[in-house]
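Protein chains in written order, with our numbering: chain A, 463 to 504; chain B, 530 to 851.
Built from N, CA and C at the ideal position, the CB exists for glycine as well.
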């Protein structure tokens, strides 16, 4: 069929930051903006 | 330069391993159909933030060819700067020779320490690649490493394993429900024209058409902010997207109508349950394009379909998994 790369489903960075009690600080310092990725390319 | 803020990848859960150089140095990366560059940290990054990640060491690779070209990645907590270099990249046993990639030299900030991935491997089109760097899949095609100029993605819903990216082929065991092919509206991202978004035969958003990107590098469904409120109201959620977990069984299936076909996403997919709370897997963004507002169909959508990204004829194929 072709070369296949397995993807692992793991904890997201959001979950890791949450577990370390750092998510609130991260989001405060860096407001979540999903548009930024696409605006950069355009 | 490139700007792909790290927060875009805050929710990502799917990671794969590649190796770069001779002998190979391993990296955990996001296979991102919403960007086009390959980036990994390098040994030139000596901060604590990088200490928790694999770092590429050019001097340990006999096939590395350096450049003097610098690059910069805005990672939310500051810029990760670095240089461009060429080396052999092993992806799923395919040796892509002379692959250009970014070697990050400065850390993106303390939070990068907690990132579960080392870098990003972009699978979108060369037209949006920073610094004109040829994307990995374009080199796979030009070096005749793939049988067909396409790759396909399966994201498992629950399992820790089972998800994959298949290069150069389509696994017919995932297409028993048929494949619907959709032409791209732009050769930048994997972008298509969406006719409308409906629930219970009523348009709840995108009533006059809009643009949609199929993006494995985004976890949720990103919708124009102007449409988010209506979606939340239509589904009985509050303005934060919170919804009663008991109401899930009464929620409608949402149809993403693309190229004359409806692609359903059931409430079991678009409602996220965590710690006893339920919320809609929608988030707002504002990106107007010449062809209408932009939607991002992330992993929440992709988990419902086996998705074929076809560079041979610039189409996306969707095969329902249930």
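Check	Outcome
How would you write the range of the alpha helix (DSSP H) that residue 660 of chain B sits in, first residue to last?	Careful: residue 660 of chain B lies outside any alpha helix (DSSP H) and carries neither H nor E.
To be precise: take each residue of the stretch 712-745 of chain B, compare its Cβ to all Cβ atoms of chain A, and keep it if any distance is under 8 angstroms. Which residues remain?	717, 718 and 742
Could you name the residues of the same chain whose beta carbon sits closer than 7 angstroms to that of residue 776 of chain B, not counting the 5 residues immediately before and after it, in chain order?	765
Sorted by chain position, which residues of the same chain lie with C-beta nearer than 7 angstroms to residue 695 of chain B's C-beta, five sequence neighbours on each side aside?	680 and 681
For residue 839 of chain B, which of helix, strand or coil comes out of DSSP?	strand
Can you tell me where the beta strand (DSSP E) holding residue 624 of chain B begins and where it ends?	623-633
State the DSSP-derived secondary structure class of residue 699 of chain B, mapped to helix, strand or coil.	coil
Going by DSSP, which residues form a beta bridge with residue 708 of chain B?	Residue 708 of chain B is not bridged to any residue.
Can the beta-carbon of residue 739 of chain B be found closer than 8 angstroms to that of residue 677 of chain B?	no
Rounded C-beta distance between residue 757 of chain B and residue 540 of chain B? I'm assuming under 8 angstroms.	About 17 angstroms; that fails the 8 angstroms criterion.
Between the C-alpha atoms of residue 787 of chain B and residue 842 of chain B, what's the straight-line distance to the nearest angstrom?	18 angstroms
Is the beta carbon of residue 647 of chain B closer than 8 angstroms to that of residue 582 of chain B?	yes
What does DSSP give as the partner residues of residue 619 of chain B in its beta bridges?	B:548 and B:624
Identify the residues that DSSP records as bridge partners of residue 542 of chain B: which are they?	Answer is none; residue 542 of chain B lacks a bridge partner.
Between B:733, B:568, B:826 and B:812, which has its C-alpha nearest residue 770 of chain B's C-alpha?	B:812
Name the DSSP bridge partner or partners of residue 786 of chain B?	B:725 and B:791
Please state the DSSP three-state secondary structure of residue 593 of chain B.	coil
Grab the span of the alpha helix (DSSP H) containing residue 664 of chain B for me, first residue to last.	Note, residue 664 of chain B: premise wrong, no alpha helix (DSSP H); not H, not E.
What whole-angstrom Cβ distance do residue 596 of chain B and residue 614 of chain B have, given they're in contact under 8 angstroms?	6 angstroms
Comparing C-alpha positions only, which one of B:845, B:619 and B:576 sits nearest to residue 610 of chain B?	B:576
So if I threshold CB-CB distances at 7 angstroms, which residues from the stretch 635-663 of chain B count as touching chain A?	640, 643, 644, 645 and 657
Return the residues of the stretch 771-790 of chain B that lie within a Cβ-Cβ distance of less than 8 angstroms from chain A, sorted by chain order.	none
Under 8 angstroms Cβ-Cβ, which residues of chain A neighbour residue 694 of chain B?	466, 467 and 469
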